[in-house]
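Presented below is the structure to which this report refers.
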Amino acid sequence: MIIRGANEGDKPSIWAMLEPVFRAGETYAIDRDISGPAALDYWFGPERRVFVAEDGAELLGTYYIVRNQKGGGSHVCNCGYVTAAAARGKGVARAMLAHSLDLAPTLGFRAMQYNCVISTNTRAVDTWTRAGFDTVGRLPGAFEMPDGQEVDALVMFRRL
1 MIIRGANEGD
11 KPSIWAMLEP
21 VFRAGETYAI
31 DRDISGPAAL
41 DYWFGPERRV
51 FVAEDGAELL
61 GTYYIVRNQK
71 GGGSHVCNCG
81 YVTAAAARGK
91 GVARAMLAHS
101 LDLAPTLGFR
111 AMQYNCVIST
121 NTRAVDTWTR
131 AGFDTVGRLP
141 GAFEMPDGQE
151 VDALVMFRRL
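Residue numbers for the sequence shown follow the UniProt record's numbering, beginning at 1 and rising by one.
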């Protein structure tokens, strides 16, 4: 598996990974009915650098890195990660996380923050915690699941 910068030709495969995750509405605060073009505009948003995890010709995952805030908060980055359904549980997310942790300081970032980690997404919470992230905030009931249940959103942070 290699991790490389995403290109225009990757967009259909990236949408194929994003669509089921966004449609499920359980891990990203994104409109569940978002269109493919709008989702790709979000993923490839301003100032975002987008990467893909690739094995041969198959894309296994994607992530972006972007500064979390402007001005006084611009030394902290934010990332979003999605693993292809068929590649889950195979270390792809951990590899993308490691790549982003190595890359962030080279881009001038001194910390990484995840603003809205859904507490029921235990696989992500466990992965980030094992990688040294602290839960620095808990937003009670800040995320509404598709069934209407409100669950907590976590703010997770790590100095680099």
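Cβ coordinates follow ideal geometry from the N, Cα and C atoms, glycine included. Only a predicted model underlies this, so the values are computations on that prediction, with no experimental measurement involved.
| query | result |
| --- | --- |
| DSSP on Tyr28, reduced to helix/strand/coil? | coil |
| Are there any heavy atoms of the ligand FAD lying less than 7 angstroms away from the beta-carbon of Leu139, as far as the coordinates show? | Absent from the structure shown: the ligand FAD. Ligands present: none. |
| Ignoring anything shorter than 3 residues or poking outside the region 45-70, list the beta strand (DSSP E) runs there in chain order. | 49-55, 58-67 |
| Determine the direct distance from the alpha carbon of Leu160 to that of Pro105, and round the result to whole angstroms. | 7 angstroms |
| Since I believe Gly80 is in contact with Tyr63 (beta carbons under 8 angstroms), could you give me their beta-carbon distance rounded to a whole number of angstroms? | 6 angstroms |
| Three or more beta-carbon pairs under 8 angstroms between the region 33-41 and the region 91-109, yes or no? | no |
| In three-state DSSP terms, what is Met1? | coil |
| Look at the alpha carbon of Pro37 and the alpha carbon of Arg4, and state the distance between them as a whole number of angstroms. | 22 angstroms |
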